[in-house]
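For reference, the structure is listed below as structure tokens.
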Amino acid sequence: MSITSLPLELVHEICSYLQLSELQTLRLTDRNLYHQSLDTFSDRYFRSFRFLATSDGLRNLEEIAKVRFVRERVQELWMIPVIFEGTNRNKQRMSDYAVSSKSCERLRGVKFRDRYAKYQAMVKDNRNFMLSETFNTRLRKCIACFKKLDTIGLAHYTTPFLLDPRQQKVRFLGWRRLRDQMDFRFSPQGLARLRGPWMTKLVSLALLRLFQALGSQKIRKLHTCGADNYGDVLSEINLPQSQYDSLLSALGHLEDLRICTYFEKPIASDVVFGKPVGADVILKPHDATMVLTWFDLIIKVAPRLKVLAFSQGHYIGHDQPGLQFGELSRYIQFTQLKELHLHWIHLTSGALKSFLTTAKPTLSTFTLFAVILDDRTSTQSLLWKLLWDFFRDELSLQRFSMAKISCDHQQCLIRGLDDLTEPSDSAEFDVETAGISFSKWIDRLTPVILITGKGPWHIQREYQEEWFNEMIPTDRNSPNALPCTCEDRSEPCKYRCYR
5 MSITSLPLEL
15 VHEICSYLQL
25 SELQTLRLTD
35 RNLYHQSLDT
45 FSDRYFRSFR
55 FLATSDGLRN
65 LEEIAKVRFV
75 RERVQELWMI
85 PVIFEGTNRN
95 KQRMSDYAVS
105 SKSCERLRGV
115 KFRDRYAKYQ
125 AMVKDNRNFM
135 LSETFNTRLR
145 KCIACFKKLD
155 TIGLAHYTTP
165 FLLDPRQQKV
175 RFLGWRRLRD
185 QMDFRFSPQG
195 LARLRGPWMT
205 KLVSLALLRL
215 FQALGSQKIR
225 KLHTCGADNY
235 GDVLSEINLP
245 QSQYDSLLSA
255 LGHLEDLRIC
265 TYFEKPIASD
275 VVFGKPVGAD
285 VILKPHDATM
295 VLTWFDLIIK
305 VAPRLKVLAF
315 SQGHYIGHDQ
325 PGLQFGELSR
335 YIQFTQLKEL
345 HLHWIHLTSG
355 ALKSFLTTAK
365 PTLSTFTLFA
375 VILDDRTSTQ
385 SLLWKLLWDF
395 FRDELSLQRF
405 SMAKISCDHQ
415 QCLIRGLDDL
425 TEPSDSAEFD
435 VETAGISFSK
445 WIDRLTPVIL
455 ITGKGPWHIQ
465 REYQEEWFNE
475 MIPTDRNSPN
485 ALPCTCEDRS
495 EPCKYRCYR
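Set out below in structure tokens:
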């Protein structure tokens, strides 16, 4: 029986299981099938767009907004906010940016000067465009065309990663022109450039631009950081009164919130009005402003939230008590929360218990990654065990995972996993595969405190390596594998040229 003779609903169902290349091949085999699968193809691949915050990226988005067939399907919009991590480096500090994907050697002479000139022009375009009212106006017009839009967010990648020909997972509007101007080879250490006070300012400005461009859409998902938990935003953002009111209306229907905030060092909230070209030049904010705090927003939308991911970013190495999280836990009221993910966060066990109080009846998925318990007590070995006992008695989870956890900055390993004789730095539970209940599973676990264990910065380096391995696979025979001039060196190349 030919697939074209099947009911249209079944054709759509079959096509939904195919990868892009498979679906494209299948559609080209038959004219009728091509037309029958058009809606399935379009709904899947026009649903979500990433765009680079450059003149070319926004121009591409405007072209999409003009096409009715496409714009009617757009539900998600992601901005890649910063080119070259917001840095305006001089020639002496170009470092990795001077490395071509054709070789692991630095460019020199005319080739280097040409690359540096292009680099400066691209950084300037990104910065000036983000600060211009033109960007805000044009983005607002685009978003107004996407009537089904219910998800907005920021996507964070280093520019060398985006331009590395080995990575095939991330595509975005503005990519082709960017790639035609430069090529790079990415190293996992480059991820460190996505964090820090300067990046926080720029990312906060980008998020402010997204907020200012929202119209009447009711946003259900807001992600300020990706799955890698890079992209911290300021804990407070100034907004004119009119924008503040309309933003709360647009975000009042949030069901899925993923937020990374920056608390380590106080930063004036009006810094997002600064002009990030060279030294900070602070612009005067609007006369009548309101301060949007993320804690206030979380408290406001908590009753509707079904998914919450919360992170303090990659700054937990500083000696800072988890006062902010403890303050938040006093006011939070969940009624529908199903998933909770806490990453790179610094808190007390009491604050975490309090935070979970109203989530207990509905919570089914819970994740802890790089979490530090900071109770400042002498009974460190008991803290995690007492907390696990609380989970055992109070939570009925379907899925649970924890990894890279610590206690007062000392690494905590986990003993008691069935398939391991040695303690591990991670543990994962899934009711469908565990064969026992969550309460029985977690009751088996015992914490092991390492006096000389891995610190937060070591954990960050491991995390960068894991992310790199996931995004750039090992395959010497791949057409995207790159020749390298460093194969004869005694030490492995930091750009992983063997991939």
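The opening residue of the sequence shown carries number 5 in my numbering; numbering runs sequentially from there.
Even glycine gets a Cβ: it sits at the ideal position worked out from N, Cα and C.
Can you tell me whether residue i is helix, strand or coil according to DSSP?
{"i": "V435", "result": "helix"}
{"i": "F299", "result": "helix"}
{"i": "K225", "result": "strand"}
{"i": "I336", "result": "coil"}
{"i": "V103", "result": "strand"}
{"i": "T204", "result": "helix"}
{"i": "T371", "result": "strand"}
{"i": "I349", "result": "strand"}
{"i": "F442", "result": "helix"}
{"i": "S410", "result": "strand"}
{"i": "A159", "result": "coil"}
{"i": "F215", "result": "helix"}
{"i": "L417", "result": "strand"}
{"i": "V305", "result": "helix"}
{"i": "S358", "result": "helix"}
{"i": "S428", "result": "strand"}
{"i": "V237", "result": "strand"}
{"i": "S46", "result": "helix"}
Which whole-angstrom value describes the C-beta separation of residue i and residue j, a residue pair presumed to lie in contact below a C-beta threshold of 8 Å?
{"i": "L309", "j": "Q340", "result": "7 Å"}
{"i": "E76", "j": "K151", "result": "7 Å"}
{"i": "G219", "j": "A121", "result": "That belief does not hold up - the Cβ atoms of G219 and A121 are roughly 39 Å apart, past 8 Å."}
{"i": "F394", "j": "K357", "result": "6 Å"}
{"i": "V295", "j": "N242", "result": "6 Å"}
{"i": "Q316", "j": "H350", "result": "6 Å"}
{"i": "Q185", "j": "M126", "result": "7 Å"}
With respect to the beta strand (DSSP E) encompassing residue i, which residues constitute its N-terminal and C-terminal limits?
{"i": "L312", "result": "311-315"}
{"i": "A407", "result": "403-407"}
{"i": "I263", "result": "260-266"}
{"i": "Q124", "result": "Where Q124 is concerned, there is no enclosing beta strand (DSSP E), although the alpha helix (DSSP H) it sits in stretches over 113-135."}
{"i": "R54", "result": "52-56"}
{"i": "E80", "result": "80-84"}
Considering only the alpha carbon of each residue, which of the options lies closest to residue i?
{"i": "N130", "options": "T371, E137, G90, C149", "result": "G90"}
{"i": "W348", "options": "D378, T369, K364, F314", "result": "F314"}
{"i": "F188", "options": "A57, L332, F88", "result": "F88"}
{"i": "E398", "options": "S368, D378, I418, L421", "result": "S368"}
{"i": "R448", "options": "P427, L454, L421, S430", "result": "L421"}
{"i": "S52", "options": "R119, G61, T155, G113", "result": "T155"}
{"i": "L252", "options": "L209, V305, P201", "result": "V305"}
{"i": "I68", "options": "E109, A407, T366, F176", "result": "F176"}
{"i": "I84", "options": "L454, H160, T265", "result": "H160"}
{"i": "I455", "options": "H413, E470, D434", "result": "H413"}
{"i": "T425", "options": "T450, F442, R403", "result": "T450"}
{"i": "D429", "options": "R54, C411, I440, F442", "result": "C411"}
Given this structure, state the Cα-to-Cα distance separating residue i from residue j, to the nearest angstrom.
{"i": "S136", "j": "K222", "result": "26 Å"}
{"i": "C229", "j": "W82", "result": "11 Å"}
{"i": "R144", "j": "I263", "result": "23 Å"}
{"i": "K128", "j": "R48", "result": "35 Å"}
{"i": "D274", "j": "S250", "result": "Confidence at D274 is low in this model, with a pLDDT of 40, below 50, so its placement is unreliable and no value can be given for it."}
{"i": "S59", "j": "A363", "result": "44 Å"}
{"i": "S405", "j": "V375", "result": "12 Å"}
{"i": "L301", "j": "L255", "result": "9 Å"}
{"i": "P102", "j": "I409", "result": "As written in the sequence, residue 102 is Ala, which differs from the Pro given in the question. About 37 Å."}
{"i": "T141", "j": "M475", "result": "35 Å"}
{"i": "G282", "j": "F133", "result": "In this prediction, G282 scores a pLDDT of 27, lower than 50, which makes its location untrustworthy; the coordinate-derived value is nonetheless stated afterwards. Cα-Cα distance, rounded: 15 Å."}
{"i": "A438", "j": "L111", "result": "53 Å"}
{"i": "L386", "j": "K342", "result": "28 Å"}
{"i": "L212", "j": "V452", "result": "44 Å"}
{"i": "V86", "j": "T163", "result": "8 Å"}
{"i": "F50", "j": "L391", "result": "44 Å"}
{"i": "T297", "j": "L258", "result": "16 Å"}
{"i": "G326", "j": "D378", "result": "Note that G326 scores a pLDDT of 46, beneath 50, so its modelled location is shaky; the value from the coordinates is reported in the next line. C-alpha separation (whole angstroms): 7 Å."}
{"i": "I271", "j": "L332", "result": "Summary for I271: the model assigns pLDDT 39, below 50, so the residue's position carries little reliability; its value from the coordinates is reported in the next sentence. Between I271 and L332, the C-alpha separation is close to 20 Å."}
{"i": "T352", "j": "G330", "result": "7 Å"}
{"i": "I418", "j": "P365", "result": "27 Å"}
{"i": "L401", "j": "L261", "result": "20 Å"}
When you measure from the CB of residue i to every non-hydrogen atom of the ligand COA, does any distance come out below 7 Å?
{"i": "S246", "result": "Within the structure as shown, the ligand COA is missing, as the structure has no ligands at all."}
Return the first residue and the last residue of the alpha helix (DSSP H) that residue i is part of.
{"i": "V452", "result": "Not the alpha helix (DSSP H): V452 falls in the beta strand (DSSP E), residues 450-453."}
{"i": "E66", "result": "59-70"}
{"i": "L182", "result": "179-185"}
{"i": "L251", "result": "245-255"}
Just checking: is the beta-carbon of residue i within a distance shorter than 8 Å of some beta-carbon in chain B?
{"i": "D60", "result": "Of the chains in the structure shown, none is chain B; there is only one protein chain."}
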